[in-house]
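The structure appears right after this line, and notes come after that.
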Amino acid sequence: MKVLKLNSISPVADGTFKGYEYSETAENPDGIILRSFGMHDYSLGENLLAVARAGAGVNNIPIDRCTEKGIVVFNTPGANANAVKELVLCELFLGGRQIVEGAAWAQSLKGQDGVPTLVEKGKGKFVGQEVLSKKLGVVGLGAIGAMVANAAIELGMSVVGYDPFISVKNAWLINNRVEFTSDLNEIFKTCDYITLHVPLTPDTKGMINAKTLEQCKDGVVIINNARGDLVVSKDIISAVQKAKVSRYITDFPDEELLGKENILCIPHLGASTPEAEDNCAYMAAKQLTDYLENGNITNSVNFPAVSMPRGSISRVCVHHKNVKEMLSKILAIVSSQGINVAHMQDCSKGEYAYLILDLDEVPSDSTLELIRNVSGVLRVRKI
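Numbers -3 to 379, taken from my numbering, label the letters of the sequence shown in order.
Structure, rendered in structure tokens:
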């Protein structure tokens, strides 16, 4: 099989692709692994089965086009969570104290006489506040948000979290001293610091805007390491200028934000550690090869999680629309050919579904073609 690298990927992934043609030049690949490469104008070849993003965000991948062609898109949630968590903790301190400005001012003293004396005289311009006993609102309690909430508790902060879609797994991992709210307005109205950890969707785009900022406490610090478009730039600039927001810190700079006082732009460093890059690369590679070799899906953004151990002669994987009688039609075809189904799983995710059939004999190409011709079937693959 062939796997194409569209970005430089940590070498920890190399061993997972042993026996593959794995390179930056692979033609007509079965799989693609990437980080930030923009695929929206990329041609999706007929052989392409899956795309694995070594990271959490998939805005650079044409999800809808992939889904319609039965191409599975993977990401690696949680693999870079610790790296982002550590940056958020740094930003909590940067939000309350003028460390960046103070350090820049100290550098400006080079060449002057009596630097220690000048420092003592001038340091009063950079007084800040401690995070101890302050209230932090965490919007989104996925892998990163949960870790941030727990770490902030250990720093002595009061923490309230908001996430209407929190998983049971993450809920169990969160410190019992973290409060939960089902009302996002409570976070706006009561928190001294707010940190965003939600994906960019039509519902979350621009969630921090003039209206929501008006509800916030005066002097709130807002931290955004999730996606730039969660915050309306012109509205946050206005709120900072009015001191409604004391500081906005984002890992997603744009032209509008640069050079503005009390807006700190960091050059997308959230996951920029060798540890995070290694974790993401290894996780993406394992998910991609498990799908290519076994048809198992873990951490897909466009198809449901379906995994079964191999234990039969043949495996058939079917991507299909989530419509009535689909399963019965496919099973009727298999049964009409006198083939026994040893095991099966069929799960749905929104409008789409995925079926694994483990069969007691190898189906013919004509049998597979009959399944392909069922209305609503997107892709059929025999392993």
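Cβ coordinates follow ideal geometry from the N, Cα and C atoms, glycine included.
In the structure shown, the three-state DSSP call for V127 is coil. In this chain, the beta strand (DSSP E) harbouring V217 covers 216 to 220. Residue nearest to T246 within the set D60, N220, K256, V156 is N220 (criterion: CA-CA distance). Just so you know, the alpha carbons of Q283 and D60 end up roughly 20 Å apart. Going by beta carbons, L2 and F33 fall inside the 8 Å limit. Across the set R311, T269, A235, the C-alpha of R311 shows the shortest separation from the C-alpha of Y287. Of the candidates M340, P195, L132, L132 places its Cα closest to the Cα of R173. 8 Å or more divides the Cβ of A167 from the Cβ of K81. Between A206 and I95, the alpha-carbon positions lie close to 28 Å from each other. At a cut-off of 3 residues, the continuous stretches assigned as beta strand (DSSP E) that sit fully inside the segment 96 to 182 are 131 to 135, 154 to 158, 175 to 177. Take the alpha-carbon of G120 and the one of Q237: they are about 22 Å apart. One Cα belongs to F70, the other to M279, and the distance between them is close to 10 Å. For G141, the closest alpha carbon among the candidates L323, I5, A77 is that of A77. When the alpha-carbon of S6 is set against those of P263, A50, E42, S39, the nearest one is in A50. Between the alpha carbons of H193 and G53 lies a distance of about 12 Å. Of the residues A222, T186, P198, the one whose Cα lies closest to the Cα of T208 is T186. Between the beta-carbon of A272 and that of A79 there is about 4 Å, and that keeps the pair under the 8 Å contact cut. For M203, no beta strand (DSSP E) encloses it, and the DSSP letter there is neither H nor E.
Taking a contact to require three or more Cβ pairs closer than 8 Å, the segment 368 to 375 and the segment 292 to 312 do not qualify as touching. The beta carbons of L226 and L260 sit no closer together than 8 Å. V111 and V47 have their alpha carbons spaced roughly 56 Å apart. Our two residues, T285 and N43, have alpha carbons roughly 15 Å apart in a direct line.
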